[in-house]
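Accompanying notes for the structure given below.
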Amino acid sequence: MEKATKKYWPLFVLPTLGAFIIGFVIPFAEGIWLSFCKFTTVNNAQWVGFGNYSKIWLDNTFTQAFAFTAVFTVVTTILINVLAFAVALLLTRGIRGTNMFRTVFFMPNLIGGIVLGYIWQTLLNSLLMLLEKPLLTLDARYGFWGLVVLMCWQQIGYMMIIYVAGLQNVPLELLEASHIDGATPAQTLFKIKIPMVMPSITICTFLTLTNSFKLFDQNLSLTGGEPAHASEMLALNIYNSFYARAGAQWKGIGQAKAMVFFLLVVIIALIQLRLTRAKEVQQ
Amino acid sequence: MNTFRKKRSGWGWTVLLSLLSLGWVYPIIMIVLNSLKQERAITTASTFELPTAATFNGLVNYLKAIESQGFLKSFGYSLLITVSSVVLILLCCSMCAWFITRVKGPFSRIIYLLCVFSMVVPFQMVMFTLSQTADALRLNTPFNICIIYLGFGAGLAVFMFAGFVKAIPLEIEEAAMIDGCNPIQTFFRIVLPILRPTLISVGILETMWIWNDYLLPYLVLDIKKYMTIPMLIQYFRGSYGRVEMGPMMASIVLTVVPIIIVYLVCQKYIIKGVLAGAVKG
C-alpha cells in the first residue's frame, strides 16, 4: 500500500511543501544569513559577520524591552493561570448558569489584538482621567499594568476552558476516596486536583509564556511603546528597528535582534516543558 | 455517588459570577454605547456617560464607517483572505499530513520535523524576508496571499492532522485499497470523512488566527490598495491628526459583533477546537 501511495507524492505533498518552502524555509534561512549582513533589501546584502550582534546593545532600547517583556511575561503567566484555575474550579462545582459564564469568559479571546488594544485604550484612559492619573502613553507603569489587564481579559477564558476539561477528567473515585478519608477541601485541591491536572498546567503555562513573550499587536495598539520606548516589548522593538529607524545599518541589527529573540523563545519553551513535564503524575 | 459534581451550590456564587460576567462584557458594551453618541460626546472624559437625548446620534456613525471609511471593502478583503486561506490550508495540509504519516521514510520525517520546528519560530524572525519573498513572487494581493498563509500556517495544521491520522486504524484504508480504490479515492472517500472533527477544529484555529492577523497582511499587501479590518482600524487610530471617534467606535462594533455571533452559534465547535489545539503543547 505504501508503494502505491508513494507515487502520488507530487499531488499530496507538493502544494504544502512548495508553499512551506516559500512561506517558511526560504524566509527563515535568509533571515539567519541576513542577521550577519548589512542590507536594506535582500539583494544588496554585505557580509559583516557578528557586527550586527555587537551593535544590538548600542542603544539601550533592546535591553529595556527585554526587561519589560521578562517582567510582563512572569506577571501575566502567574496571574492568568491562577485566575483561570480559580474560575475553572468555580465552574466545575455545578453552580447555576455555569454554561453562560463559560461562554462570557471565553468571548474576549476571539477578538483580535489590534481591536482589543483600542477598546482597552479607550476604557483605561478614561478611567485614569477620572482618577486624575497620567494617561497610558505618558507613564510606562500604567502602560505596563494596562497591558497586564488586557492580557488577563483576553487569555483567562481560554486557559479556563483547558483547566475545566482537565478538572472534569479527575476520576470521581479519587475525589470520593479523599472525601471518605476526611480530606479538607484545601487538601483535596492541593493533594489531588492540582497534581491530577498537571498536564493542563503544562499546556497553559506554555501557552501563556509564549503568548506574552511574543506579544505584538496588543502592545502596538494599546501604547505603541510610548512614552519614549518605555513600554516597548521585544517584538515591537524588533519591528521598530526594521521599519522605524533611519540608517542602512538598522535592518541588519533588527534581524540580529530577531535571531536573539528566536533563540530566547526556543530556550524558554524547552526549559518550561522540561520543568513542568517532570511534575506530571502518571495516570 | 455523583454528589461531588451534581451538588447544586447556593445562589450566592451565581450572583457573584453574574456580576463578574457583567464586568467582563462591559468593555464591549461601553464601545457600543459610545458608537451611538455624537462626535463631541465621545471624549476621554465622557466615555462612561450614557448617550442622552442631546448626544444620541442614531446609526449615523455606522453609516459613516461603512460609506466613507471603506469598512465594507475591508470586510470583504478580510473575508476573502480568511476563507481562501483556511480552505487551502485544510485541503493541502490534511493531504500532506496523511501522506507523511502513511508513507514512512526520511523525506516524510524531515517534513514533519520542519513543521514542528516552524511552530516555535516567532513571526519577527521571518517578517522582513517573508514580505520580500512575497513581493518578489507577486504573492502580495488578497487573491493569492493564501499561498503565504498556507506556507506559514502549515506547521500547526500538518502537526495536528498528523496526530489524528495516526489514530485512524490502517485496516480501513487497506480494505478500501483492496477493493480497488487508488490513493486519491482512499483519501477523499475514506480518510477525509473520518477527519471531519479535526477539520473543524483546525479550521476554527486557523480562522481565528487569519481573521485577526495584522502584521502579515500589513507587511505583504499594498496598504494603499488593500486593507483588512485590523489594518483599517490600526490605520485610522495610528494616523496623525484628528481621528473621527464615532465612526471608529462603530467600526470596532461592526468588527466585534460578527465574531460574537459566529461564536455564539458555533460555540461547541470553537471550544472543541481550542481543546484540540491545546493538546499540541
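Protein chains in written order, with our numbering: chain B, 1 to 283; chain R, 1001 to 1281.
For glycine and all other residues, C-beta sits at the position ideal for the given N, C-alpha and C.
These numbers were taken from a predicted model, which means no experiment stands behind them.
Interface with chain B (8 Å Cβ-Cβ cutoff): I1184(R) is included.
When CB distances to chain R are screened at a threshold of 8 Å, the residues of the segment 23-35 of chain B falling below it are G23, F24, V25, I26, P27, F28, E30, G31, L34, in chain order. Residue nearest to N81(B) within the set T16(B), I161(B), L136(B), L128(B) is I161(B) (criterion: CA-CA distance). A Cβ of chain R is located within less than 8 Å of the beta carbon of I162(B). Interface with chain R (8 Å Cβ-Cβ cutoff): E2(B) is included. The segment 1148-1158 of chain R makes contact with the segment 15-24 of chain B, as at least three CB pairs between them are under 8 Å. Residues of chain B whose Cβ lies closer than 7 Å to the Cβ of N1212(R) are, in chain order, G112, G113. By the Cβ-count criterion, L175(B) is buried, with 16 or more other Cβ atoms from all chains shown falling within 10 Å of its own Cβ. Between the segment 1246-1261 of chain R and the segment 1028-1040 of chain R, the count of C-beta pairs closer than 8 Å reaches three or more; the two stretches touch. With a threshold of 16 other beta carbon atoms within 10 Å, A1045(R) falls short and is exposed. Two segments are said to touch when three or more pairs of C-beta atoms, one from each, lie closer than 8 Å; by this definition the segment 1109-1120 of chain R does not touch the segment 1218-1234 of chain R. Three or more beta-carbon pairs separated by less than 8 Å are not found between the segment 1263-1279 of chain R and the segment 1100-1109 of chain R, which leaves the two stretches without contact. The alpha carbon of I1089(R) has as its nearest neighbour, out of N1057(R), T1129(R), V1202(R), T1014(R), the alpha carbon of V1202(R). Using a 10 angstroms sphere on the CB of K3(B), the tally of other CB atoms stays under 16, which defines it as exposed.
Approximately 5 Å separates the beta-carbon atoms of Q255(B) and L34(B); this is inside 8 Å, confirming the contact. Contact between G31(B) and T1133(R) fails: their C-beta atoms lie close to 11 Å from each other, not under 8 Å. Three or more Cβ pairs closer than 8 Å define a contact, and the segment 221-233 of chain B falls short of that threshold against the segment 84-98 of chain B.
Ranked by Cα distance from N60(B), the first of M233(B), S178(B), K133(B), S212(B) is M233(B). Considered as a whole, the segment 1103-1127 of chain R harbours 1106-1120 as its complete alpha helix (DSSP H) runs of no fewer than 4 residues, in chain order. Around the C-beta of G252(B), 16 or more other C-beta atoms lie within 10 Å, and the residue is accordingly described as buried. A straight-line Cα-Cα distance of about 11 Å links N109(B) and L150(B). For I119(B), the closest alpha carbon among the candidates A1065(R), I1028(R), W1013(R) is that of I1028(R). Annotation for L116(B): the continuous alpha helix (DSSP H) segment containing it runs 113-130. For M107(B), there is no enclosing alpha helix (DSSP H), since its DSSP letter is neither H nor E. Scanning its chain for C-beta atoms nearer than 6 Å, with the 5 sequence neighbours on each side dropped, one finds around C204(B) the residues N81, M159, I162, in chain order. T137(B) and L123(B) have their C-alpha atoms spaced approximately 13 Å apart.
With fewer than 16 other Cβ atoms inside 10 Å of its own Cβ, R274(B) counts as exposed. Taken atom to atom, the span from the alpha-carbon of N1212(R) to that of L90(B) is near 30 Å.
With a threshold of 16 other beta carbon atoms within 10 Å, E1206(R) meets it and is buried.
The shortest CA-to-CA distance from M1231(R) to any of G51(B), F106(B), V115(B) is the one to V115(B). Contact check between the segment 1008-1020 of chain R and the segment 65-82 of chain B: fewer than three CB pairs, one atom from each, fall below 8 Å, which does not count as touching.
Neighbours of M1208(R) in chain B, taken as residues at a C-beta separation under 7 Å, are given in chain order as L110. P1142(R): not part of any alpha helix (DSSP H); DSSP gives it neither H nor E. The bridge partners DSSP lists for C37(B) are W47(B). The beta carbon of Y53(B) lies closer than 7 Å to those of A256 in the same chain, with the five residues before and after it left out. For I1270(R), the uninterrupted alpha helix (DSSP H) segment begins and ends at 1267-1278.
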